[in-house]
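*Asks:* Sequential numbering of the sequence shown, starting at 1, is according to my numbering. Glycine residues also receive a C-beta, built at the ideal position from the N, C-alpha and C atoms. Nothing here was measured: the structure is a model prediction, and the numbers come from that model.
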Amino acid sequence: MYCNNGIVRKVAHTTLDIKRRGLNMTIPNLNKVYPRSNDYQTIYLKNVITRDNIEVGDYTIYNDFYNDPRDFEKNNVLYQYPINNDQLIIGKFCSIACKAKFLMTSGNHTMKSLSTYTFPIFGEEWDEALKPKDAWDNKGDIIIGNDVWIGYDAIIMSGVKIGDGAIVGTRAVVTNDVSPYTIVGGVPAKVIKKRFSDNVILKLLKIKWWNWSYEKIQANIKYIQSGNINKLV
C-alpha cells in the first residue's frame, strides 16, 4: 500500500503476461511500488510521489536500507517549499542510491544581503523584513535526465541539470550542471571522465533507447547490457 494525495491504494506486486509472436512475454506492471518480490528496500519511485512539483519517469528506482523508501519526499527532497514553485524532475530508468538528497531553493539563504539570516520568514518580529520569497536565492529547478545513476549519500544542489547517462559518485556534492554520459565525484563534484567516446555518446543521445517500447528494449537488452551500440536496432 501507499498514500497518494491522501488516498490509500493497494498495488498488486504482479506482472502482466501477454503473448507476442507466439512467445510468452512478461510486461512489467509499472503501477506497483516494489519491482522485486520480497525486496522492500527498492521501489519504483514514480508510484510514491504525491507532490505536484516532483515528476519521475517510468522504471526509475530508489533504494533505501536505512529508512522506508516510500518516504523519499520527506527524507530526500529537502527545502522544497511551495512559495518557491521549484521543480524536481527525474527521467526514466534512473538509479538513485540510499540517502541521495536533492536540496531545493529554500536551502540557499540569500547572498545578496549583508546577512544570511532569514529575516524575511520572521516578518512578525522584524517590521521591515522583506517578503518570504526573498529569503532565498532561487537558482531554479533540479532536472535529472534519463538513465542517470546517483550514488550513495550524494547531494544535488538546486538549479543543477544532470544529462542523460551521467553518473554521480558516492557522497559527491553536485553544484554545477553535468554533461550527458559524464562521471563526476568529489566535493564539490568535478568531472572524472566521460563514460564513452564522443561518437558513442552522440549515438546514444540520438537513439534515446529509454523512450522505446518495452518490447523493443527487451529485444535489444543484451546489446544494451554488453555495450554493443552497433547492434541496437
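Let's see if you can read the secondary structure: which residues bound the beta strand (DSSP E) around Lys190?
*Replies:* Here residue 190 corresponds to residue number 190 of the sequence shown, with the count starting at 1. Run containing Lys190: 190-194, per the beta strand (DSSP E) assignment.
*Asks:* Keeping to the same chain, check which residues put their C-beta closer than 8 angstroms to that of Lys112; ignore five residues upstream and five downstream.
*Replies:* Residue mapping note: residue 112 aligns to position 112 of the sequence shown, counting from 1. Taken in chain order, the residues that qualify are Asp137.
*Asks:* Closer than 8 angstroms by C-beta to His109: which residues in its own chain qualify, once you throw out the five before and the five after it? Chain order, please.
*Replies:* Your numbering for residue 109 matches position 109 in the sequence shown. Taken in chain order, the residues that qualify are Thr116, Tyr117, Thr118, Ala135, Trp136, Asp137.
*Asks:* Using the Cα positions of Ser106 and Asn53, report the straight-line distance between them to the nearest angstrom.
*Replies:* Here the question's residue 106 lines up with position 106 in the sequence shown. Here the question's residue 53 lines up with position 53 in the sequence shown. Going from the Cα of Ser106 to the Cα of Asn53 covers about 14 angstroms.
*Asks:* Buried or exposed: Ser197, going by 16 or more other Cβ atoms within 10 Å of its Cβ?
*Replies:* Here the question's residue 197 lines up with position 197 in the sequence shown. Exposed, by the Cβ-count rule.
*Asks:* Measuring alpha carbon to alpha carbon, tell me which of Asn76, Met104, Arg70, Lys99 ends up nearest Ile83.
*Replies:* Along the sequence shown, one-based indexing puts residue 83 at 83. With distances taken between Cα atoms, Ile83 lies closest to Met104.
*Asks:* Mind listing, in chain order, the continuous beta strand (DSSP E) runs of no fewer than 3 residues lying wholly within the stretch 38-62?
*Replies:* With a minimum length of 3 residues, the continuous beta strand (DSSP E) runs that stay inside the stretch 38-62 are 42-44, 54-56.
*Asks:* Which residue wins for smallest C-alpha separation from Tyr152, given the options Ile142, Ile162, Val173, Val160?
*Replies:* Looking up residue 152 in the sequence shown gives position 152. It is Val173 whose Cα lies nearest to the Cα of Tyr152.
*Asks:* Near Leu130, which residues of its chain fall below 6 angstroms by C-beta distance, leaving aside the five closest residues on each side in sequence?
*Replies:* For the purposes of this step, residue 130 is taken as the residue at position 130 of the sequence shown. Within the same chain, Leu130 has close Cβ partners Pro120.
*Asks:* Can you tell which of Gly165, Ile183, Gln225 has the C-alpha that lies nearest to the C-alpha of Glu208?
*Replies:* Here residue 208 refers to the residue found at position 208 when the sequence shown is read from its first residue. According to the sequence displayed, residue 208 carries Lys and not Glu. Checking every option, the nearest Cα to that of Lys208 belongs to Gly165.
*Asks:* So Ile43 and Tyr62 are in contact, right, with Cβ under 8 angstroms, and what is the actual spacing, rounded?
*Replies:* Numbered from its first residue, the sequence shown carries residue 43 at position 43. Numbered from its first residue, the sequence shown carries residue 62 at position 62. Sure, about 6 angstroms apart at Cβ, within 8 angstroms.
*Asks:* Using DSSP's beta-bridge definition, name the partner residues of Trp126.
*Replies:* Position 126 of the sequence shown, counting from 1, holds the residue named residue 126. According to DSSP, Trp126 bridges with nothing at all.
*Asks:* For Phe102, name the three-state secondary structure that DSSP assigns.
*Replies:* The count along the sequence shown starts at 1 and reaches residue 102 at position 102. Three-state DSSP puts Phe102 in a strand.
*Asks:* Quick check on Trp210: does DSSP put it in helix, strand or coil?
*Replies:* Looking up residue 210 in the sequence shown gives position 210. Three-state result, Trp210: helix.
*Asks:* Determine the burial state of Trp126: buried for a count of at least 16 other Cβ atoms within 10 Å of its Cβ, exposed for fewer.
*Replies:* Taking the first residue of the sequence shown as 1, we reach residue 126 at position 126. Result: exposed.
*Asks:* Within 10 angstroms of its Cβ, does Ile162 collect 16 or more other Cβ (buried), or is it exposed?
*Replies:* Counted from its first residue, the sequence shown places residue 162 at position 162. So Ile162 ends up on the buried side.
*Asks:* Figure out for me which residue from Thr26, Pro28, Ala154, Ile192 has the closest Cα to the Cα of Ser179.
*Replies:* Position 179 of the sequence shown, counted from the first residue, corresponds to residue 179. Ranking the options by Cα distance to Ser179, first place goes to Ile192.
*Asks:* Can you look up Gly107 in the DSSP assignment and give me helix, strand or coil?
*Replies:* Locating residue 107 in the sequence shown gives position 107, counting from the first residue. Three-state DSSP puts Gly107 in a helix.
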